[in-house]
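K.L.:
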Amino acid sequence: MRIAVFVKQVPDPSGAGRLDPATNLLVREGVEVVLDPGDAYGIEAALQLAEASQGEVVVISMGGERALEVVRKAMAMGAGSGLHVFDQRLGGSDALATARVLAAAVSRVAPDLVVAGTESTDGYTGTVPAAVAELLGWPSLTFAKHLELSGGTVRVQRQTPAGHDLVEADLPAVVTVTGGINEPRYPTLKGIMGAKSRPLEQLSIEDLGLDAAGLSPQQRVVAVAPAPQRQAGRVVEDDGSAARLIADYLAELKVI
Ligand SMILES: Cc1cc2nc3c(=O)[nH]c(=O)nc-3n(C[C@H](O)[C@H](O)[C@H](O)COP(=O)(O)OP(=O)(O)OC[C@H]3O[C@@H](n4cnc5c(N)ncnc54)[C@H](O)[C@@H]3O)c2cc1C
-6 MRIAVFVKQV
4 PDPSGAGRLD
14 PATNLLVREG
24 VEVVLDPGDA
34 YGIEAALQLA
44 EASQGEVVVI
54 SMGGERALEV
64 VRKAMAMGAG
74 SGLHVFDQRL
84 GGSDALATAR
94 VLAAAVSRVA
104 PDLVVAGTES
114 TDGYTGTVPA
124 AVAELLGWPS
134 LTFAKHLELS
144 GGTVRVQRQT
154 PAGHDLVEAD
164 LPAVVTVTGG
174 INEPRYPTLK
184 GIMGAKSRPL
194 EQLSIEDLGL
204 DAAGLSPQQR
214 VVAVAPAPQR
224 QAGRVVEDDG
234 SAARLIADYL
244 AELKVI
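Residue numbers (my numbering): -6 to 249.
Structure (structure tokens):
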């Protein structure tokens, strides 16, 4: 069983993100960057599945030069090999171009399963894994809060507002996992040392058999507006009708 896992390097979510006023895009240079916290769950899920099936995990990332650090981190956690797509012409890629590149990388790795985060902490489109699945013609299972393999099938508990749906598909498939599906392990010193001798490929657009002309961004961020200020809450004085007013308010919000 070969499992590919997507990892993305993002500006540290605990820092204050900054937008470039000329492009309306996140400033990624000269800022602290980390493994996207959501992808740590994907790595752990892939490692657990591989350990249970004596399989292997291949890490795939597209990103700038420093994205190599997150590939190495995933390998230090236990992944057997890594593939870093690094090409200066990919700077400014939108979600579709990213998906095209990642789909080509997946074709090269030829895994039985791809595991990814549900949405990144920076771009937040939540579209890349499903777009990769579509480009490959594979099923896409999203929001997995539990994931298991049985023979040639993947089965997930897909988180819903009411609980979960049980969804299954034939392999190969793409699955996105939610935060909390597991407790990601920390890289150990042994893992960090061991990762140094494992294969790690760095590939360009042409190495993947793609044409740079077909990867120019189709999206443009035309404006960015600050989120509206939070409104003051509604105060309910209890004259005996407070419970009813609160219940009505929650019903109005469709919470109950
Ligand atoms: C005009 C324009 C220019 C942009 N320029 C850049 C840029 O220069 N650099 C940049 O990073 N973003 C850029 N973006 C944002 C870009 O859309 C997304 O960051 C990126 O393409 C993936 O989308 P997302 O982060 O919303 O992924 P989501 O769909 O929210 O991510 C879900 C999961 O997919 C996987 N994934 C997503 N992206 C990658 C990746 N690159 N490698 C491996 N796994 C991945 C991860 O597992 C992630 O948890 C740009 C957007 C626009 C509109």
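We put the CB at the ideal spot given by N, CA and C, even for glycine. Please read all numbers here as calculations on a predicted model, not as lab measurements.
Exposed or buried, what is Val214 when buried is set at 16 or more other beta-carbons lying within 10 Å of its beta-carbon?
P.N.:
Position 221 of the sequence shown holds residue 214. Exposed is the call here.
K.L.:
Mind checking which residues open and close the beta strand (DSSP E) that includes Ala205?
P.N.:
Walking along the sequence shown from the start, residue 205 turns up at place 212. No beta strand (DSSP E) holds Ala205; DSSP gives it neither H nor E.
K.L.:
Taking 8 Å as the cut-off, does the segment 106 to 113 touch the segment 169 to 179 (at least 3 CB pairs, one atom from each stretch)?
P.N.:
The answer is yes - the segment 106 to 113 touches the segment 169 to 179, with three or more Cβ pairs under 8 Å.
K.L.:
Along the alpha helix (DSSP H) that carries Pro122, what are the first and last residues, could you check?
P.N.:
Within the sequence shown, residue 122 is the residue found at index 129, counting from 1. Unbroken alpha helix (DSSP H) run through Pro122: 121 to 129.
K.L.:
With a Cβ-Cβ cutoff of 7 Å, do Val50 and Ala43 count as a contact?
P.N.:
As a working note, residue 50 is residue 57 in the sequence shown. As a working note, residue 43 is residue 50 in the sequence shown. Yes; because the gap between Cβ atoms is below 7 Å, this pair is in contact.
K.L.:
If we ignore side chains and look at the alpha-carbon of each, how far apart do Ala236 and Tyr242 end up?
P.N.:
Taking the first residue of the sequence shown as position 1, residue 236 is located at position 243. Taking the first residue of the sequence shown as position 1, residue 242 is located at position 249. Approximately 10 Å, taken between the alpha carbons.
K.L.:
Of all the options Glu245, Pro6, Glu22, which has the alpha carbon lying nearest to the alpha carbon of Gly31?
P.N.:
Stepping through the sequence shown from its first residue, residue 31 is reached at position 38. Closest option to Gly31, Cα to Cα, is Pro6.
K.L.:
Residue range of the alpha helix (DSSP H) that Val99 falls in?
P.N.:
Looking up residue 99 in the sequence shown gives position 106. Element bounds for Val99: 88 to 102.
K.L.:
Assuming Lys138 is part of the beta strand (DSSP E), what are its boundary residues?
P.N.:
Residue numbering aside, residue 138 sits at position 145 when the sequence shown is read from its first letter. Unbroken beta strand (DSSP E) run through Lys138: 133 to 143.
K.L.:
My guess is that Gly119 and Glu112 are in contact by the Cβ rule of under 8 Å, so how many angstroms apart are they, rounded?
P.N.:
Along the sequence shown, one-based indexing puts residue 119 at 126. Along the sequence shown, one-based indexing puts residue 112 at 119. Contact holds; Cβ gap of about 4 Å.
K.L.:
Kindly indicate which three-state DSSP category Pro154 falls into: helix, strand or coil?
P.N.:
Counted from its first residue, the sequence shown places residue 154 at position 161. It is coil, neither helix nor strand.
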